[in-house]
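**Q** If you read the sequences in order, they're chains E and C.
The first sequence begins at 134 in the working numbering and counts up one residue at a time.
The second sequence begins at 134 in the working numbering and counts up one residue at a time.
Number of protein chains: 2
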Amino acid sequence: MSKLVTKITDRDKDFASWYTDIVREADLATYGSSKGMMIIKPYGYAIWENIQSVLDKEFKRFGHENVMMPLLIPESLLNIEKEHIEGFAPEVAWVTHGGHEKLEERMCIRPTSEVLFCDLYKNIIHSYRDLPKLYNQWCNVMRWEKTTRPFLRSREFLWQEGHTMHATKEDAMEETLRMLHVYEDFQRNYLALPVIVGKKTDKEKFAGAECTYTLEAMMYNGVALQNGTSHYFGNHFAKCFNITFLDQNNELQTPYQTSWGLSTRMIGGIIMTHGDNHGLVLPPKIAPIKVSIIPIGEGKELSSVIEKITKELEDIPYEIDSSDKTPGYKFAYSEVRGIPIRIEIGKRDLEKGEVTLVRRDTLEKENVRIEDAVKRTKELFKIIQDDMYNRALKRRDEMIYDVKTYEELVDYGKNKPGFMKINICDNPDCETKIKEDTSMKSRCIIEDESVNGPCIVCGNKATYRIYVGKQY
Amino acid sequence: MSKLVTKITDRDKDFASWYTDIVREADLATYGSSKGMMIIKPYGYAIWENIQSVLDKEFKRFGHENVMMPLLIPESLLNIEKEHIEGFAPEVAWVTHGGHEKLEERMCIRPTSEVLFCDLYKNIIHSYRDLPKLYNQWCNVMRWEKTTRPFLRSREFLWQEGHTMHATKEDAMEETLRMLHVYEDFQRNYLALPVIVGKKTDKEKFAGAECTYTLEAMMYNGVALQNGTSHYFGNHFAKCFNITFLDQNNELQTPYQTSWGLSTRMIGGIIMTHGDNHGLVLPPKIAPIKVSIIPIGEGKELSSVIEKITKELEDIPYEIDSSDKTPGYKFAYSEVRGIPIRIEIGKRDLEKGEVTLVRRDTLEKENVRIEDAVKRTKELFKIIQDDMYNRALKRRDEMIYDVKTYEELVDYGKNKPGFMKINICDNPDCETKIKEDTSMKSRCIIEDESVNGPCIVCGNKATYRIYVGKQY
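1. Rounded to whole angstroms, what is the Cα-Cα separation between C:I599 and C:S467?
2. Going along the chain, which residues of its own chain have a beta-carbon closer than 7 Å to the beta-carbon of E:I517, five neighbours each way excluded?
3. Hey, how far is the Cα of E:D505 from the Cα of E:P450?
4. Can you tell me whether E:P421 is helix, strand or coil according to DSSP?
5. Please decide whether E:I173 counts as near chain C, where near means a Cβ-Cβ distance under 7 Å.
6. Going by Cα to Cα distance, which pick from C:G367, C:I404, C:T397 and C:G402 is closest to C:Q386?
7. Can you tell me which of C:V225, C:A162 and C:Y261 puts its alpha carbon nearest to the alpha carbon of E:L253?
8. For E:L249 and C:G165, which I take to be in contact (beta-carbon distance under 8 Å), what is that distance rounded to the nearest angstrom?
9. Is any non-hydrogen atom of the ligand FMN found closer than 6 Å to the C-beta of E:I180, if you look at the structure I gave you?
10. Name, going along the chain, the residues of the region 200 to 230 of chain E whose beta-carbon falls closer than 9 Å to a beta-carbon of chain C.
11. So, does the CB of C:G232 fall closer than 7 Å to a CB anywhere in chain E?
12. Looking only at its chain, what residues have a beta carbon closer than 7 Å to the beta carbon of E:V131, apart from the 5 residues adjacent to it on each side?
13. If you follow the alpha helix (DSSP H) that C:H314 is part of, which residue opens it and which one closes it?
14. Answer with yes or no whether the minimum CB distance from C:E307 to chain E is below 7 Å.
15. Could you say which of C:L291, C:V601, C:R475 and C:Y462 lies nearest to C:E497 if we only look at CA atoms?
16. By Cβ distance below 8 Å, which residues in the same chain neighbour C:G649 in space, the five residues on each side in sequence not counted?
17. Within its chain, find whatever has a CB closer than 6 Å to the CB of C:D454; leave out the 5 residues flanking it on each side and keep chain order.
18. Between the C-alpha atoms of C:E247 and C:W393, what's the straight-line distance to the nearest angstrom?
19. From the DSSP output, in three-state form, read off C:L446 for me.
20. Check each candidate in E:G232, E:K332 and E:Y365 and name the one with the smallest Cα separation from E:H296.
21. Measuring CA to CA, which of C:F148, C:V156 and C:H197 is closest to E:P175?
22. Cβ closer than 7 Å: which chain C residues qualify as neighbours of E:G165?
23. Quick check on E:M134: buried or exposed, where buried means 16 or more other Cβ atoms within 10 Å of its Cβ?
24. Is the beta carbon of E:E216 closer than 7 Å to that of C:G232?
25. Give the DSSP-derived three-state secondary structure of E:M134 in the structure shown.
26. Can you tell me which of the three DSSP states C:V438 falls into?
27. List the residues that DSSP assigns as beta-bridge partners of E:V584.
28. If we define contact as Cβ-Cβ less than 7 Å, is C:P388 a contact residue for chain E?
29. Report the three-state DSSP secondary structure of E:R493 (helix, strand or coil).
30. If you run the structure through DSSP and keep just helix, strand and coil, what is E:Q381?
31. Please name the residue, chosen from C:S260, C:L542 and C:I180, that lies closest to C:Q381 on a Cα-to-Cα basis.
32. Measuring alpha carbon to alpha carbon, tell me which of C:N585, C:Y353, C:L446 and C:K511 ends up nearest C:D143.
33. C:W277 touches chain E at which residues, Cβ-Cβ below 8 Å?
34. Select from the region 493 to 508 of chain C all residues with a C-beta closer than 8 Å to any C-beta belonging to chain E, and list them in chain order.
35. Can you have a look at E:R502 and say buried or exposed, based on whether 16 or more other CB atoms are within 10 angstroms of its CB?
36. May I have the straight-line CA-CA distance separating C:A525 from E:G341, to the nearest angstrom?
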């Protein structure tokens, strides 16, 4: 064990400190003088760039177009929709002065941009020919949180927000679910996160939305991370903002709206799902550096083998650690940053015509012939990607409990980390009571299970089955 | 002439209205309820994405890494460097409240991020091994301007800002000039903008910098657009922020700093350099849609020719206008958006085995054999790109005047749009007087011309030759 690795707290002893240690040691993010606002460092930002690159192509494939919307929202604009302002007012930052002058009307830094898009759409939607409008933006938003943690809850974060308008309810609902599934596929296939996908209860839906679909990931410690949402608004905002269009029969109609967003929070989800006591573990598909080559010793033969391997790697991003540190330090440094494959090239191996491949996810080593090294590395990327998903899925499923009685729920809330499946009625007070007694909140409605008992809280007829769990 | 085109004001009659008309008719940008803050629409944003894509690769090629820095700067942090705060205080937006609470210390929205990067660098630079630090960010910034125009002067704009730290003066100066030349090459080769590159006079340099290099483009109307800057800071900020490192001799040193930025303003430069009375004209290398295919009529043969051509176009972005508008309208619509090549496919041409290619920059038409259409289109991209640059260069050079007397300068300031070459001394009052009498400001020092007379203002010994001109 090198000195480096010992800086990481044991994951099972103190999960919160372990998380902070990984963020620091893998050089992902830090803080400066702007309280509660994270700085994303190059390695963390490179993960975000990879996420952006994949998702942006997916969005465009479905006809979405990127735009830049204003950072600031005039107070009167935010006030147009009542539920929305009530939801966001406690956590927006207010700009009151421009230069040395007081503004006539204060403006908030966007916490989300529904009202800004409505303000634009009312000017550019006139006819059914203008629909659908499928705009997206990659930007920063701000929510004035009291307690913050890098990636998970930060006053400022980066995200994308899609905001779309459609001629019919059906089209808008189809879009809401289409983008939910784009998110789901991305998180499963690229981030190796086994997300639970479902509808939020009315109590937990987005301020102003008709319904909200969510992606809920379970972290190593059993706590939920809401990892993205897709909202259906009906035509409620459109009515408030007077957005209308002439349909094919020349009749005035109101369009139907959606919005959907994914943020830098996902990086927190990757850390807490896949990381271990050696540091970060990155899914190969999203890793900024996929291979770490570590020469042990020096020499002509060693250099020529490195040259051969890097040439074969072609466009696979790799690094060669030729620093003057010890091999042990280099191994630990590649592990803490979660680089999927390490190739160790030492003299003893070379004599046998071999190199050593080390999988970051399992730390398993295997010797391979030099000429097979890159082929095997590529095979391992697929295997690691799948194994990471399957391990996370298995662990998650082992931490989902079917809970029948309220007593049991309270006990589980204290003693069993994870998600609980329960029957519940549609009275929001029952969700509130669970929250007060157990700190668990509704994650989402379970789509494929029917109610099989009374409401676990009040004993009345249950409306649906839901997952509950603690959350970040 | 279709109805569409007639919405554009004559460029020679009213340049300002012409500009506004292009921005609107080419669907580049608009405004909403957030005063002075532009909305960049999909077509304008796609130009920005192309700019980003080229530049980001260039930055990375030189070892720069992207990061995310905070949006807000605490007042005390901004106050650390005196000149810097004095330069920016009149135009920053202040956040005073978070949610319902007044902040203990107000924070401004970053107008630029020197102090934020210094705040980070002081924590992560300790040894010569940590240098150079070559960070960049793509982000939004805010300057509370009184009068705004889309792309040219907007309260919020998008840009990239590189901020680097180096062990020696020489390294920092080399970086300052390296990035200046990356900018110059990009603007010449991609945007077809013949920029004048040089050092700002002390009066015009960036607040807090030791020296500022600028890229000055001349618009169609002779007015200058400062199209990017690269600053050398010496170790002045580093000293203010207590940034130090141990050099190879284990002695404490202060690092040397640069910053450099390019913004969405460049889109304004493209419009005002290349546009004409038919609308926008885009350099092929940066056009989001490079080919507009316009079928005239219908039929099997026509469809199969379109299929053949689009297949050959491969990854060249094109559009097919199959709307129910008239051909004249479609031509005008492709012209107003500046699409470099239009391919008209009509029945009469097809009978001869031909299609018509139309260059957007000259509106010249040529008939080519169907099988040669794509090959010729690709040739034309190169020709158009070069011709656009050369035309702009010729026009600019025709509007540069060698001015010998102050009387002549005042007269030219009133009657001759363009840049004036003059001798001037280093007393800033002389620049101020020119500004007051002619509205012209110093553009930059002319590097390759020696002083050939006294200061044009005071008659004392001149220090250098400079360009002066009106500016956006």
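Even for Gly, the Cβ is constructed at its ideal location relative to N, Cα and C.
Given the structure is predicted, the values throughout are model-derived calculations rather than measurements.
**A** According to the structure data:
1. When rounded, the distance between both Cα atoms is 41 Å.
2. P417, P473, R492 and D494
3. 18 Å
4. coil
5. yes
6. C:G367
7. Nearest of C:V225, C:A162 and C:Y261 to E:L253, Cα basis: C:A162.
8. 7 Å
9. Judged by which ligands are present, the structure shown has none, so any question about the ligand FMN falls away.
10. V200, M201, M202, P203, L204, L205, I206, P207, S209, L210, A222, P223, E224, V225, A226, W227, V228, T229 and H230
11. Yes - at least one Cβ of chain E is within 7 Å of the one on C:G232.
12. Since the first and last residues shown for chain E are 134 and 605, residue 131 of chain E lies out of range.
13. For C:H314, the uninterrupted alpha helix (DSSP H) run begins and ends at K302 to N322, by DSSP.
14. no
15. C:R475
16. The question about residue 649 of chain C has no answer, for chain C in this structure spans 134 to 605.
17. I427 and K463
18. Going from the Cα of C:E247 to the Cα of C:W393 covers about 10 Å.
19. In the three-state scheme derived from DSSP, where H, G and I count as helix and E and B as strand, C:L446 is classed as helix.
20. Answer by Cα proximity: E:Y365.
21. C:H197
22. For a Cβ distance threshold of 7 Å, residue set P203, L249, D252 and L253 of chain C lies close to E:G165, ordered along the chain.
23. Since pLDDT at E:M134 reaches only 40, below the 50 mark, its modelled position is unreliable, and no value is offered.
24. no
25. Low confidence applies to E:M134: its pLDDT is 40, below 50, so where it sits in the model is not reliable enough to give any reading.
26. helix
27. Looking at the DSSP assignment, E:V584 forms no beta bridge with any residue, so it has no partner.
28. False, the Cβ-Cβ gap to chain E never drops below 7 Å.
29. coil
30. coil
31. C:S260
32. It is C:Y353.
33. G231 and G232
34. Of all residues in the region 493 to 508 of chain C, none has a Cβ within less than 8 Å of some Cβ in chain E.
35. exposed
36. Cα to Cα, the separation comes out at about 52 Å.
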